[in-house]
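All remarks here apply to the structure that follows.
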Amino acid sequence: MESLSERTSTGYQQIHDGIIHLVDSARTETVRSVNALMTATYWEIGRRIVEFEQGGEARAAYGAQLISKRTA
1 MESLSERTST
11 GYQQIHDGII
21 HLVDSARTET
31 VRSVNALMTA
41 TYWEIGRRIV
51 EFEQGGEARA
61 AYGAQLISKR
71 TA
């Protein structure tokens with residue numbers, strides 16, 4: 001039969017392990033959320049830069065000049 005001290009120690013260890021698991025899980029989810037938000041933010045920044053550079057066109061104008069110089 002377990003003594004009170006052994007039961008208390010075992011119970012404490014289970015609670016301790018559960019809390020550690022909970023905190024680790026929260027940290028993992030936080031990292032995933034931050035990564036997703038940063039990816040979306042940088043994608044939007046890139047989209048805005050491309051939109052500005054292209055001025056609504058399918059391609060930016062500076063690319064056409066480079067191609068014509070190379071083919072000449």
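Start counting the sequence shown at 1; every next residue gets the next number (the UniProt record's numbering).
Ideal placement from N, C-alpha and C gives every residue a C-beta, glycine not left out.
Compute the distance between the beta-carbons of residue i and residue j, then report whether it is under 8 Å.
i	j	result
E53	A60	yes
Expressed to the nearest angstrom, what Euclidean distance is found between the alpha-carbon atoms of residue i and residue j?
i	j	result
T39	H21	27 Å
D17	T8	14 Å
G56	E44	16 Å
I15	R32	26 Å
G11	N35	36 Å
I19	A26	11 Å
T30	A58	38 Å
S5	Q13	12 Å
Looking only at its chain, what residues have a beta carbon closer than 7 Å to the beta carbon of residue i, apart from the 5 residues adjacent to it on each side?
i	result
R47	none
Which residues in the same chain have their Cβ closer than 6 Å to the Cβ of residue i, if we skip the five residues on either side of it in sequence?
i	result
T28	none
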